[in-house]
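Under our numbering, the first residue of the sequence shown carries the number 639, and numbering increases by one thereafter. Note that CB positions come from ideal geometry on N, CA and C, so glycine has one too. Data first, discussion second: the structure below is written as C-alpha cells.
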Amino acid sequence: MNIIQIDRSCGKTPSEILAEAMDFHAAGELEAAETAYVAVISRGYRVIDVLPLLAGISSANGDFEIALERWTQLLELQPSHLFGLMEKAALLHRLGRWSDAVRHLEMAEQIDPFNPATLLNLGVALMDAGRGHEAATVLRRLAAIQPGNPLVEHQIRRVSSALVPFWHIPMLNDQARNDAFEKAIQQAISAHGSDASVLDIGAGSGLLSMMAIRAGARTVVCCEGVEIIAEMTKRIVSINGYEDQIRVISKNSKELVVGEDLNKRADVLVSEILSCDLLSESVLSTFEDAIDRLVHEDAAIIPRSITAMGCLIESDVLAKYAFVDRVSGFDVSPFTELASTRLPVHGKLTSWRRLSEDHDLIHIDLRARRHEGTYQKLSLPVTADGTAVGIMQWIRVDVAEGVEFSNPPDDYADGGWLQVVHTFSHPVVVRAGDEFELLAGHDRTSLILMPAHK
C-alpha cells in the first residue's frame, strides 16, 4: 500500500500531505518527502509549485535524468517558467549538454532580457558550446548592467583569452619584428605612392595598418576574422585617430570581395599571420587566395618569403617530454607513440645543445601563386657526439628587399615567436663526423621534419 492510499484512508487533504512533505524535506528525509510530493501532484494540487521541489530532490540524489524529466514536465505545463528554464539549463550544462543548455537560457533571456543570472549563465554556456563570440557579446551586455561585478569580469577575460591566443601581447611588444615590418611598409608605400591601396590581412591590433598610414598611405582596408579582435581593432584605430582612413572588416580574407569590401585590387599586401612553425595559420592558402583575387599582379607582398631554419639537438629536459621507457618498474615505452611531434620552446630558457650546424630546411616564396606539398632528403653533418631528441626549428622572414627578421634560439628572447622542437619517434644516437639524413618539407599546413630512416 503506497502513501497515497494511506493518506486517502486517513482522509488527509492535499494541503496536509504537502505540509508533511515539506516537514520531511526540512528534516532531510528526502525519500519520504519525495513520496509525499508525488502524492500531492497525483491529486493535481499545486503541481507547478511541487515539481521544482521534486526535481531538486532528484538532483540531490544524483538522479539527474529524473530531475530533467521533472523540469521538462514543469515547462510543458508552463513554458515561460523562468526558474524552471534556468534550473533545467543548469542541469543540462552540468551534464555537458551545452547546446541544450544554451537553448533553454535563450528562452529565459527572451522572458527577462536583463536578468543578470540568466545572462551570466548564458555567456558561460555559449562559451562551453564553442560559441565564444556570442558569449563575449552576452557578457559585455551583462558588464554594462553590472559594472564591476568580479564574476562577470572573470568570465569576460576567460572568453577573451580563449578566443585570442596568448602570443598577441608579446608579439606586439616585439620591437625588432615591428621595426622590420614598418621598414618594409615604408618601402612599399614609397614605391607605389600615397594613393596605393593597402590590404592588411589578419590585422590583429591594427598596428601594421596604422604603420601604413604613418608611411603615407591615404587609406587602408584591413580584415580580421576573429570578431572580438576585429572589435578591438576598430577601437584602437579610433583612439589613434585613424577611423576615417582605416576600414576594419570583420571577415576572413577569403570572404572578401573586390567591388564590395575593397574598391579595387590592392597595390600592397601586408599580412603577419606567421606561426612558430610557419604554416599552421593557413599561411599558404591565405596568400594564394589573396594573390589570385585581391591584389594586383605587381603588388608588393609583405613578407616576401619565409624559411624554416634548424639544427639537430640533444636535450635531457626535452627528452622527458618526447620519450618514455620504464616508469615505476613498468615498461610503458609504447606510450611514446602518442607523444606530441612538436614542442614549442623558449630557446633561451631551455637546456639544449647543438649536434649540427644551423641549416635552411624549408624555403617558401609567398609571392608564388601555388604551393604544393613537398619534402626532400637533407644531409646534416653531425658536429658533436650525443643523443638527438629532434630538430630545433626557428624562422627567418624575408620581409622586403634588404629587410629580414629571425628568431634564433640562442639570442632571441623578447618576442611573440617561440622556437619549435620537432621530436623524433625515438632517441637517435649520433657521432661527430656522421651525416644525419633528414626528411624536410611540408604538407601545406604543417612542417615535415623527421629522420629519413629509422
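- Of all C-beta pairs linking the segment 905-912 to the segment 826-834, three or more are shorter than 8 angstroms, placing the two stretches in contact.
- Apart from sequence neighbours up to five positions away, the residues of its chain that approach Glu1042 with a beta-carbon distance below 8 angstroms are Ala818, Arg1034, Val1035 and Asp1036, ordered along the chain.
- Spanning the alpha carbons of Val965 and Lys958 requires a straight line of approximately 12 angstroms.
- By the Cβ rule, the segment 993-1002 counts as touching the segment 943-958, because three or more pairs are nearer than 8 angstroms.
- Using a Cβ distance threshold of 8 angstroms, Ser913 and Thr871 do not count as a contacting pair.
- Val1058 is positioned such that its CB atom lies closer than 8 angstroms to that of Arg980.
- Pairing Val886 with Val875 gives a Cβ-Cβ distance under 8 angstroms.
- DSSP places Pro652 in the uninterrupted alpha helix (DSSP H) bounded by Pro652 to Ala664.
- Secondary structure of Ala1051 (DSSP, three-state): coil.
- The alpha-carbon of Arg1069 is positioned some 10 angstroms away from that of Ala1026.
- The Cβ neighbour count for Ile1000, taken over all protein chains shown within 10 Å, is at least 16; the residue is labelled buried.
- Annotated as distal: Leu917 and Thr1061, with beta-carbon spacing of 8 angstroms or more.
- It is roughly 30 angstroms from the alpha-carbon of Gly1040 to the alpha-carbon of Leu1076.
- Contact between the segment 801-814 and the segment 839-859 is present, with at least three C-beta pairs closer than 8 angstroms.
- Collapsing the DSSP output to three states places Gln748 in a helix.
- With contact defined as three or more Cβ pairs closer than 8 angstroms, the segment 741-759 and the segment 829-841 are not in contact.
- With fewer than three CB-CB distances shorter than 8 angstroms, the segment 933-944 does not count as touching the segment 1010-1018.
- Note on geometry: alpha-carbon atoms of Ala960 and Leu900 lie some 47 angstroms from one another.
- When rounded, the separation of the alpha-carbon atoms in Pro1047 and Glu862 is 30 angstroms.
- Assignment of Ala1006 by DSSP, reduced to helix, strand and coil, places it in the coil class.
- Going by beta carbons, Leu1085 and Leu932 fall outside the 8 angstroms limit.
- With the rule of 3 Cβ pairs closer than 8 angstroms, the segment 780-793 does not count as touching the segment 1005-1013.
- If you draw a straight line from the Cα of Ala977 to the Cα of Val983, it comes to about 16 angstroms.
- Distance between Ala1006 and Thr924, taken at the CA atoms: about 12 angstroms.
- A Cβ-Cβ separation of about 7 angstroms places Ala1038 in contact with Lys821 under the 8 angstroms criterion.
- Look at Val895 here: in three-state DSSP terms it is coil, with no helix or strand label.
- In this structure, DSSP gives Tyr1013 an extended state, which the three-state scheme calls strand.
- One alpha carbon belongs to Asp687, the other to Thr651, and they sit about 17 angstroms apart.
- Per the C-alpha coordinates, the member of Glu672, Ala674 and Asn759 positioned closest to Glu772 is Asn759.
- Relative to Asn890, the option among Leu743, Tyr675, Ile877 and Ser920 whose CA is nearest is Ser920.
- With fewer than 16 other Cβ atoms from the protein chains shown falling within 10 Å of its own Cβ, Gln716 counts as exposed.
- The beta carbons of Ile695 and Leu668 sit about 5 angstroms from each other, so the pair counts as a contact at 8 angstroms.
- Assignment of Val802 by DSSP, reduced to helix, strand and coil, places it in the coil class.
- Judged by their CB atoms, Thr988 and Val955 are nearer to each other than the 8 angstroms cut-off.
- When DSSP reads this structure, Val1041 sits in a beta bridge with Ala1038.
- Asp996: not part of any beta strand (DSSP E); DSSP gives it neither H nor E.
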